[in-house]
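Report on the structure given below.
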Amino acid sequence: MAVSAPVRVRIAPSPTGFAHLGTASTALYNLLFARQHHGKFVLRIDDTDLERNRPEYEALIYESLSWLGLDWDEGPNKGGDYSPYRQSERVDTYREQAARLIAEGKAYRCYCTPEELEAERRQAQLEKRPYRYSRRCLVNPPQGRTVFAVRFKVPGGEVTFTDMVRGEMKFDADLIGDFIIIKSDGYPTYQFASPVDDALMKITHVIRGEEHLSNTPYQLMLVDALGYDRPVAYAHMPLILARDGAKMSKRKHPELNLAIYREQGYLPEALLNYLTLLGWNPGTSQEIFSFDELVHAFSFERVQHAGARFDWEKLNWIDGEYIRNLGDDELARRLRSFVPQLDATTIRRAIPPLRTRMHKLAQAVDYLDYLWTDPAPPALDAETVGRVEAAIDALTEAQWEPEPIEAALERAVERSGVGKGKFYTPLRDILTGKKVSLPIHYTLDLLPKEVAIERLQQAIQRAA
RNA sequence: GGCCCCGUCGUCUAGUGGCCUAGGACGCAGCCCUCUCAAGGCUGAGAUCGCGGGUUCGAAUCCCGCCGGGGCUACCA
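All the letters of the first sequence, read from the start, carry residue numbers 279 to 742 under the working numbering.
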């Protein structure tokens, strides 16, 4: 029996903007597959676009993936047997490979200017014929020019490959024109660098977004021309669409930016859970999965073929489920950075009533900010003043814990002759300045006793 | 324009010829619980399976055409 090569997968994000959702999603599927097969997950930085690359964007990629717990085994900042992992540091390799192709007559220098190419394209459009590069520089290159790009001489024919989600794929390469593999600035195009690195880094399975499906024949022809082994298989994952079904854009769709999930207090494991469900389903009714469960359950056969729309509501529900399932200490720990004004004990005491009321951690602020800001005292009528006084009396005697506070308040409510609603609403208003709060006894308990009573008394004085 | 992928409740989806009077989840509505808001429990509305033709005793499921959406077609990745 043939021993198959160890599984090696990779993601290759470009540091040309904030880290985005698609990168997280692709990384997740790659990691799942790698763990499933006890393989390696490689992070390669695709920084061949000199114009748009920024080191800070690269840092953002590391940060976001780390936050999500999508850890890579090899990468620019981690090293590995196939270093370097930054394409900008591998340009010599690409140039050598391109030179080899030229020497073998499989690629050629192209001296056409962008304007000339644009003219060719327009002409083709005018004649309503599909555009393919004219091969002018192959047949009859212009003389006396020095600036050139390198074009791959597309052999044409039929290109077939296996896609783990879509099955056997077939493309007609006669429709593909000679494309550029080395830009005139000496840097490789994505179409070239990607398959070269995949081959050199011994990547066995290429798992990426569906936008790359049509790119696959380009890259396969290159792999063949270079004499490398093809990857065992590809998997093209459905795209994550915006709510309106369109492709997400940076301007219109904040959910594209991974940073906002951290800022708003979504749990990374919940986001991953949601992302997995977006385009895949286990075939059972299970919806909440630990990462290990995902590793066991995931399969490309059950991946959806159509793009899926991003839905905040479902994410919120899943995140709420995760929050509700967190232990007290763990929730308190994660809450800390969202309510830096509060000490650990207060946060800990707020957990029981707070837990079921959040679908993301940042919402803790809405419930707790009355603890560090004094609300404006509301206007009270005479009747209400009487009830607030009764509340103060009851509270002064009470032991400062939620249960005794509740009991004392309930006795006062009974004596007042009105319902809890009528009795508690003004208290809530005075204490928090809001219509919505944690249950009144918790609202009181979280405040130091003197402060709580002080706020109530001041409200009465203000009314007098 | 050409090539490729896709099309089931608002959304994510189950479904591979009869078990489908199309199931689940989120969301939505109502009720219960209840000091507010959640959480939780119960109930409900919601898809003639993009459209039109076939094939078949029988189609969401197979075939053809059309329409719609998306991707690629860059010296972006």
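Note that CB positions come from ideal geometry on N, CA and C, so glycine has one too. What you are looking at is a predicted structure, and each value in this text was computed from that prediction instead of being measured.
Specify the secondary structure class of residue i as computed by DSSP and reduced to three states.
i      : result
ASN308 : helix
THR623 : helix
GLU255 : For the chain, the structure presents residues 279 to 742; residue 255 sits outside this window and is missing.
THR438 : strand
PRO682 : helix
ALA283 : coil
LYS480 : coil
PRO466 : strand
ASN603 : helix
ASN744 : In the structure displayed, the chain extends from 279 to 742; residue 744 sits before or after that span and is not available.
TYR512 : strand
ILE454 : coil
GLU675 : helix
ARG364 : strand
ARG373 : helix
ILE596 : helix
ILE485 : strand
ILE629 : helix
GLU732 : helix
CYS415 : helix
SER715 : coil
THR326 : coil
ARG399 : helix
May I ask which residues mark the beginning and end of the alpha helix (DSSP H) holding residue i?
i      : result
GLY699 : 698 to 710
GLY720 : Here residue 720 turns out to be Tyr, not Gly, going by the sequence shown. It spans 718 to 724 - the alpha helix (DSSP H) in which TYR720 sits, taken as one unbroken run.
HIS298 : Run containing HIS298: none; DSSP gives neither H nor E here.
THR494 : 494 to 504
PHE569 : 569 to 575
ALA657 : Note, ALA657: premise wrong, no alpha helix (DSSP H); not H, not E.
LEU646 : 642 to 646
Which one or two residues does DSSP pair with residue i in a beta bridge?
i      : result
PHE430 : ALA385
TRP558 : VAL581
VAL691 : Answer is none; VAL691 lacks a bridge partner.
ILE289 : LEU321
ARG587 : LEU519
LYS525 : LEU519
GLU565 : None; GLU565 has no bridge partner.
GLY353 : GLY357
ILE460 : VAL428 and PRO466
Is the beta carbon of residue i sitting closer than 7 Å to the one on residue j?
i      : j      : result
LEU534 : GLU488 : no
TYR600 : ALA642 : no
ILE459 : THR467 : yes
TRP350 : ARG540 : no
ILE481 : ARG313 : no
ILE670 : HIS719 : no
PHE701 : ARG740 : no
SER462 : VAL501 : no
ALA297 : LEU604 : no
GLU398 : SER412 : yes
THR438 : LYS448 : yes
PRO495 : ALA524 : no
TYR512 : ASP441 : yes
LEU498 : HIS514 : no
VAL663 : ILE738 : yes
PRO354 : TYR360 : no
TYR552 : LEU609 : no
THR326 : TYR465 : yes
ALA427 : CYS388 : yes
LEU646 : VAL617 : yes
ALA686 : ALA668 : no
I need the boundaries of the beta strand (DSSP E) containing residue i, first residue and last residue.
i      : result
PHE319 : 318 to 321
ALA742 : Neither: ALA742 is in no beta strand (DSSP E) and is coded neither H nor E.
TYR409 : Counting along the chain, TYR409 falls outside any beta strand (DSSP E), and DSSP gives it neither H nor E.
TYR340 : Premise fails: TYR340 lies in the alpha helix (DSSP H), 333 to 346, not in any beta strand (DSSP E).
Can you determine whether any heavy atom of the ligand SAH sits closer than 6 Å to the C-beta of residue i, and answer yes or no?
i      : result
TRP650 : Only the bare structure without any ligand can be found here, which leaves the ligand SAH out of the picture.
The segment 501 to 510 in contact with the segment 465 to 483 per 3-pair CB rule at 8 Å: Proximity of the segment 501 to 510 to the segment 465 to 483 meets the contact definition, three or more beta-carbon pairs being nearer than 8 Å.
Touch test, the segment 519 to 533 against the segment 619 to 635, Cβ-Cβ under 8 Å, three pairs minimum: With contact defined as three or more Cβ pairs closer than 8 Å, the segment 519 to 533 and the segment 619 to 635 are not in contact.
Sufficient close CB pairs (3 or more, under 8 Å) joining the segment 574 to 583 to the segment 317 to 331: No, the segment 574 to 583 does not touch the segment 317 to 331.
Touch test, the segment 285 to 293 against the segment 329 to 347, Cβ-Cβ under 8 Å, three pairs minimum: In this structure the segment 285 to 293 lies against the segment 329 to 347, because at least three pairs of beta carbons, one per stretch, are closer than 8 Å.
Contact the segment 721 to 737 vs the segment 677 to 693: 3+ CB pairs below 8 Å: Contact annotation: the segment 721 to 737 touches the segment 677 to 693, with at least three C-beta pairs closer than 8 Å.
The segment 539 to 546 contacting the segment 304 to 318, beta-carbon criterion three pairs below 8 Å: Judged by Cβ distances under 8 Å, the segment 539 to 546 makes no contact with the segment 304 to 318, as fewer than three pairs qualify.
The segment 554 to 563 contacting the segment 647 to 661, beta-carbon criterion three pairs below 8 Å: Judged by Cβ distances under 8 Å, the segment 554 to 563 makes no contact with the segment 647 to 661, as fewer than three pairs qualify.
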